[in-house]
Amino acid sequence: MEGGSLLSGLNSGVVLSLIAVLWTVVWQNLQHLQLQQFFGRHLSRHARRLAAMVDPYLSVTIAEYEGGRMKRSDAYEEVKAYLSAACSRGVRHLRAEGAKDADKLVLSMVDGEEVADEFEGATVWWWAYSKSPPRADAAAVWWGGGGGAQEERRFYRLFFLERHRELVLDTYLPRVRQQGRAVMVKNRQRKLFTNISTHQWSDGGYMRSAWSHVVFEHPKTFDTLAMDPAKKKEIKDDLDMFKNGKDYYARVGKAWKRGYLLYGPPGTGKSAMIAAMANYLDYDIYDIELTSVHSNTDLRKLFIETTSKSIIVIEDIDCSLDLTGARKKKKAAAEDDKDKKDGAAAAAAKAAAGGDKKDTSSKVTLSGLLNFIDGLWSACGGERIIVFTTNHVQKLDPALIRRGRMDKHIEMSYCGFEAFKFLAKTYLDVDAHALFGAVGELLREVEMTPADVAENLTPKSLEDNPDTCLAALVKALEEAKEKKASGGNDPDEQEDEEEEQ
Ligand SMILES: Nc1ncnc2c1ncn2[C@@H]1O[C@H](COP(=O)(O)OP(=O)(O)OP(=O)(O)O)[C@@H](O)[C@H]1O
Ligand SMILES: [Mg+2]
């Protein structure tokens, strides 16, 4: 048989296989010779594609979003974090984000880049890419609607040789996730989120997010929060139990979440307590401004986009939600097209809850809020604390604050002597002083918030010292006492009276 006919008789697949095998050998040697840096990047991709035609390579794809587009995939984030170290060496086009350490950056690949990784003698390749969703799909992608932006779908694809199948699937990938999580913890900047929807630049494309955030840097800790030491310890113990309670919650079949109700007059440290809790637990904060949530459906969507290890806060719950089901009139003004759609959902939810108020706008109802707290959705992800604050606990519907929903009720009260001593130590660094006795007496007679006490103890000029600050506090307390004796109205009570009229 002649050479030509011999060649033509060969199966083209065999030829390709030979090329692929040859290339693999050459490629792995090139790597050792460090020549990859010069021309390996592009050649490797083409070679792998060529080789893929006869399938000596396998691939695993990890998508950024799981479950439709509702939840960001943990695996994707972990791979991204894991690759950040490898990226800085082998990738040409990188993206950088701020890290916990102010001088450092966290690097990741932009779409289209790829990087090689070595594991127990095997070489694998990671490729970052994105795809636009099909048109019809795109329309449905972002609940929240509007914007019309077609968000791209992002992926990492891992290529490896078939003979490394077990090694990669059973050992390498779990290790990637584990190390990725460790990198994430190391680089994690805590965030304070608020429900203003934004388009954010993420991984080479604009993504719509229901939340915007800033880095959370509040300095308040339990060490600087004045309150009864026994009460403080009880709260810290409760938080510890929660944080370490994964197995317990699984065993008793409860969603891993806990509700806190903080109540008390203005300036008694409710917001400060939330910051201290977040710092203590090392959690993010999601601060929901309920008056700008259009409907129950939107509330649920906000919840789904929260991550675990977070505190979800609704401040002044009594002002945000009329517990009969209708929102405060002043908040019911602006509506848009989307609201109409969501309003229908809210109306349905209200009807289901037996609401009989006129449907004035899209709204969050009490039943919507209850579902948000303890519905099925609240179980997704776990490890979340929900905190409500209020100045008027008596106005809240018992259904909202019953145990199981708001598991722990914490009263934040006026400054007592113990709290005062704590503040004096924190602000003035004094443990004892001749004026302590007078302050103690006065605090028994007049109610002053820790915020006011703290303000009086704050030095206002360079001449101020513990003597002047404590004297200022005594003066302020005496004035308050005189005012009380002359029948001065408590602004809080006055407000209540006005509302009742
Ligand atoms: N118990 C406290 N210990 C230390 N600082 C306090 C305490 N209570 C209040 N403060 C200080 O007073 C200021 C106001 O407190 P904060 O905003 O937490 O009050 P609040 O109870 O949330 O009030 P509001 O009901 O008006 O929201 C903060 O700067 C806070 O640091
Ligand atoms: Mg507050």
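Those letters in the sequence shown? Residues 174 to 674, by the working numbering.
Just so you know, even glycine gets a beta-carbon here, dropped at the ideal spot from N, CA and C.
All values derive from a computational prediction rather than experimental measurement.
- Annotated as distal: Lys393 and Ala428, with beta-carbon spacing of 8 Å or more.
- If you draw a straight line from the Cα of Asp420 to the Cα of Lys594, it is about 40 Å long.
- In this structure, Ala445 places its C-beta atom within 8 Å of the C-beta atom of Leu398.
- For Ala597, the distance from the CB to the nearest heavy atom of ligand 1 is not below 7 Å.
- In this structure, the CA atom of Glu620 is about 12 Å from the CA atom of Val612.
- No heavy atom of ligand 2 is found nearer than 7 Å to the CB of Glu628.
- Here DSSP, grouped into helix, strand and coil, assigns Ser465 to helix.
- The nearest non-hydrogen atom of ligand 1 is less than 7 Å from the C-beta of Gly437.
- Of the heavy atoms belonging to ligand 1, none sits nearer than 7 Å to the Cβ of Thr394.
- Taking C-alpha positions only, Phe590 is separated from Arg245 by approximately 49 Å.
- Of all alpha-carbon atoms in Thr479, Lys443 and Val486, the one lying nearest the alpha-carbon of Leu463 is that of Val486.
- The C-beta distance from Val297 to Met282 rounds to 15 Å, too long to meet the 8 Å contact threshold.
- Distances between the C-beta of Ser444 and the heavy atoms of ligand 2 include at least one below 7 Å.
- In the DSSP secondary-structure assignment, Tyr459 is bridged to Phe366 and Ile485.
- For the stretch 592-624, the full-length alpha helix (DSSP H) segments reaching 4 residues or more read 609-618 along the chain.
- In the same chain as Phe366, and ignoring 5 residues on each side of it, the C-beta atoms closer than 6 Å to its own belong to Trp384, His386 and Tyr459, in chain order.
- Between the alpha carbons of Pro438 and Leu646 lies a gap of roughly 20 Å.
- Using a 10 angstroms sphere on the CB of Leu643, the tally of other CB atoms reaches 16 or more, which defines it as buried.
- If you draw a 10 Å sphere on the C-beta of Glu325, you find 16 or more other C-beta atoms in it, and that means buried.
- Pairing Leu475 with Ile408, the inter-Cα distance amounts to about 27 Å.
- The stretch 601-609 makes no contact with the stretch 429-436: fewer than 3 CB pairs, one atom from each, lie closer than 8 Å.
- For a cut-off of 8 Å, the C-beta gap from Thr622 to Gly440 is around 4 Å, short enough to register as a contact.
- Ala236: member of the beta strand (DSSP E) spanning Tyr230 to Ala236, first to last residue.
- In the displayed model, Lys581 falls within a strand according to three-state DSSP.
- Contact between Leu331 and Val233 holds: their C-beta atoms lie close to 5 Å from each other, under 8 Å.
- Spanning the alpha carbons of Ile461 and Arg363 requires a straight line of approximately 17 Å.
- Under DSSP, Arg424 shares a beta bridge with no residue.
- Inclusion of Met400 in the 7 Å shell around ligand 1 follows from its C-beta lying nearer than that to a non-hydrogen atom of the ligand.
- The beta carbon of Glu339 sits no closer than 7 Å to any heavy atom of ligand 2.
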